[in-house]
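In our numbering, the protein residues as written are 48 to 261. One structure is given below, encoded as structure tokens.
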Amino acid sequence: MFDVALVEQCTTEVAPQTMQTLIDVESSGNPFAIAAVGVDVISTPEGKEEAIESAKSLMSQGYNISLGLGQINMHNFEALGLTLSNVFDPCTNIQAADKILSDCYQRAAAEFDDGQRALQAAFSCYYSNNFSRGFEPDDSNGNSYVQRVAASHERLSVPQINFDRSDIDDHRGGETSKQDDGNTEEEPHKEIRAIENFESSEKGGWDVFQDFTG
Numbered sequence: 048m049f050d051v052a053l054v055e056q057c058t059t060e061v062a063p064q065t066m067q068t069l070i071d072v073e074s075s076g077n078p079f080a081i082a083a084v085g086v087d088v089i090s091t092p093e094g095k096e097e098a099i100e101s102a103k104s105l106m107s108q109g110y111n112i113s114l115g116l117g118q119i120n121m122h123n124f125e126a127l128g129l130t131l132s133n134v135f136d137p138c139t140n141i142q143a144a145d146k147i148l149s150d151c152y153q154r155a156a157a158e159f160d161d162g163q164r165a166l167q168a169a170f171s172c173y174y175s176n177n178f179s180r181g182f183e184p185d186d187s188n189g190n191s192y193v194q195r196v197a198a199s200h201e202r203l204s205v206p207q208i209n210f211d212r213s214d215i216d217d218h219r220g221g222e223t224s225k226q227d228d229g230n231t232e233e234e235p236h237k238e239i240r241a242i243e244n245f246e247s248s249e250k251g252g253w254d255v256f257q258d259f260t261g
């Protein structure tokens, strides 16, 4: 349903892997996703027109809703130049998410300096417009929003290719095709991420920052 190539085409400030992770957490890649505060389950629209009608109905009932790939909140529409007619357009929605997360990161960097700590705070800001709520457990498994982002990143990240033909095992016989150089000790496996944009560490725990509302 979601063309990941759009991420590279439509983002200008946020690293593509980071944006892909955000979209996975927010909407699972569904461009017609709708969430409403106070509503546990909303039927998934089958297309844009149905999504627009569903959004209109929820708004008319007074619900606070978020829409599309990046789950852009209705209260941000005016500032981002969005309407119900264009918010379900994948590229337009990604561009809006790009702007929000970028702004959050700039604010976080001013508080915590550049780097991963600021990026974690930026995700909290994207989620709740402050630097603390995104670190508070709020799902049935006791995970915070930032923890869900980290888990998604780990699942989506694929190691970069770091081998050549001589490194490939001959699976027909179970032997490697590399010539024996007399050294039988195997090198430890080291995973290298394709893009190291967002890093998580269970050892470091999840810092809860001082609340900041912009």
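Ideal Cβ placement from N, Cα and C applies to all residues, glycine included. Predicted model only: the values in this text are computed from it and were never measured.
- The residue from Tyr-110, Ile-141 and His-122 with its alpha-carbon nearest to that of Thr-68 is Ile-141.
- Residue burial annotation: Gly-181 is buried, with at least 16 other C-beta atoms found within 10 angstroms of its C-beta.
- Listed as beta-bridge partners of Leu-114 by DSSP are Ile-81 and Ile-119.
- In summary, Ala-80 is buried, with 16 or more beta-carbon neighbours lying within 10 Å of its beta-carbon over all protein chains present.
- Distance between Gly-76 and Asn-188, taken at the CA atoms: about 22 Å.
- Using a Cβ-Cβ distance cut-off of 8 Å, the stretch 128-146 and the stretch 160-169 are not in contact, since fewer than three pairs of beta carbons, one from each stretch, lie closer than that value.
- For Ser-74, the enclosing alpha helix (DSSP H) covers residues 63-74.
- Taking all protein chains shown into account, His-200 has 16 or more neighbouring C-beta atoms within 10 Å of its C-beta and is therefore buried.
- Straight-line measurement puts the Cα of Cys-138 at about 8 Å from the Cα of Val-54.
- Per DSSP, Asp-185 is not a residue of any alpha helix (DSSP H), being assigned neither H nor E.
- Here Val-54 carries a helix assignment [DSSP, helix/strand/coil].
- Rounded to the nearest whole angstrom, the C-alpha separation of Met-121 and Leu-114 is 8 Å.
- The residue among Thr-91, Ala-157 and Tyr-110 with its C-alpha nearest the C-alpha of Phe-135 is Thr-91.
- For Pro-63, the closest C-alpha among the options Gly-128, Leu-203 and Gln-194 is that of Leu-203.
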